[in-house]
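To start, the structure itself, in structure tokens.
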Amino acid sequence: MTREARQAAGLDKFYRRIGTQGWRESRYFTFSVRSPALRHWLAAQLPARSAALLSIGCGRGELEHHLSDLRHRVVGLDVSHQMLQSAQRRGLDRLVRADARALPFAAASFDVVIFPESIGHLALAEVFREAKRVLKERGRLLITTYASAVGVHPRYRKFAPADIADALGEAGFRLEERRFLKAKRNAVVEVPSDDGAELLYLSSRRAAETGSAAKNHAGLRDARAGGR
327 MTREARQAAG LDKFYRRIGT QGWRESRYFT FSVRSPALRH WLAAQLPARS
377 AALLSIGCGR GELEHHLSDL RHRVVGLDVS HQMLQSAQRR GLDRLVRADA
427 RALPFAAASF DVVIFPESIG HLALAEVFRE AKRVLKERGR LLITTYASAV
477 GVHPRYRKFA PADIADALGE AGFRLEERRF LKAKRNAVVE VPSDDGAELL
527 YLSSRRAAET GSAAKNHAGL RDARAGGR
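Quick note on our numbering: the sequence shown kicks off at 327 and runs consecutively.
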């Protein structure tokens, strides 16, 4: 077995255990599980009307259950069978086991795609292209991931904000918003930079097909520079 295969098997074992036992016995956690305030904050970033929403890396479904209670039409996607079983026990009924690089959905199926603390396990270029394909025109892509000082699983890659912005631009998204957050149980606080932050939040929109990719990419760079 190659080193990469051993690492993948170890990660799969880790998420099988989390899916079966929960996060309590693990040294790791996700903020969307630990912080009800973050779940409410993320819900407030969504359209007020009911939206068709795809959550990639839904895990045990804590966030997705909250969004479903708000009448959004949520599909949860994960590669872990045990995670999806746990999400199903939580009452979610639109659950799919699939690879984010090849989403089993028709084009223009969703109003919103969200990556809730999951992109560190994914290949940005491939999953962003697929997210764009399944989003409706002007559909939104929301991302939460970890700030530089937050400890993560060894197999979770912490991307720099600039790298995420570049990958979004290459995939055909226009970055609209970037925030640095501290997510406590009962409050979400915005901070000015990665220093002192726990989470990075990015909101982008599926760019119109008109205009050049270079123009979209330049706009991303401007937005990134202005957010510093």
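Glycine included, every Cβ here is placed at the ideal spot set by N, Cα and C. All values derive from a computational prediction rather than experimental measurement.
Using 8 Å as the cut-off, can you tell me whether the stretch 392 to 405 makes contact with the stretch 367 to 384, which would need three or more C-beta pairs spanning the two stretches below that distance?
Put simply, the stretch 392 to 405 touches the stretch 367 to 384. At least three CB pairs are less than 8 Å apart.
7 Å CB neighbourhood of A369 in its chain, flanking five on each side removed:
H392, L393, L396
Along the beta strand (DSSP E) that carries S530, what are the first and last residues, could you check?
525 to 532
Going by CA-CA distance only, name the one from V517, E496, R365 that's closest to A457.
E496
Would you list the one or two residues that DSSP bridges to K508?
Bridge pairing for K508: V515 [DSSP].
Unbroken alpha helix (DSSP H) runs of length 4 or more, entirely within the stretch 399 to 436: which are they?
The qualifying runs are 407 to 415.
7 Å Cβ cutoff met for A509 and S406
Not a contact, by the Cβ cut-off of 7 Å.
8 Å contact criterion, which F436 and G402 should meet: CB distance rounded:
Between G402 and F436 the Cβ distance is about 12 Å, and since that is not below 8 Å, they are no contact.
Need the endpoints of the beta strand (DSSP E) that I382 sits in, please.
378 to 382
Counting Cβ pairs closer than 8 Å, one from the stretch 432 to 450 and one from the stretch 474 to 482, do we hit at least three?
yes
Out of H447, S530, A488, which has the shortest C-alpha to C-alpha gap to E463?
S530
Beta-carbon separation (whole angstroms), G387 vs A363, contact threshold 8 Å:
Actually they do not touch by this definition, with Cβ atoms about 18 Å apart.
So, A524 versus V476, is the Cβ gap smaller than 7 Å?
It is worth fixing the name first, because residue 524 is Glu in this sequence and not Ala. Going by C-beta atoms, E524 is nearer than 7 Å to V476.
Could you check the C-alpha separation between A544 and A493 for me, to the nearest Å?
For A544, the predicted structure reports a pLDDT of 45, less than 50, and the residue's modelled location is therefore unreliable. The matter cannot be settled from this model.
Within the same chain, show all residues whose beta-carbon is closer than 6 Å to that of R547, passing over the 5 residues directly before and after it, in chain order.
With a pLDDT of 45 at R547, under the threshold of 50, the modelled position of that residue is not reliable, and the figure given next carries that caveat. None.
Per DSSP, T470 is paired with what?
Under DSSP, the beta-bridge partners assigned to T470 are P442, Y527.
Have a look at the DSSP bridge pairing and note the partners of E463.
According to DSSP, which records beta bridges pairwise, E463 is partnered with nothing at all.
Going by CA-CA distance only, name the one from L418, A434, L467 that's closest to L450.
L467
For a quick check, are the C-beta atoms of L528 and R500 less than 7 Å apart?
no
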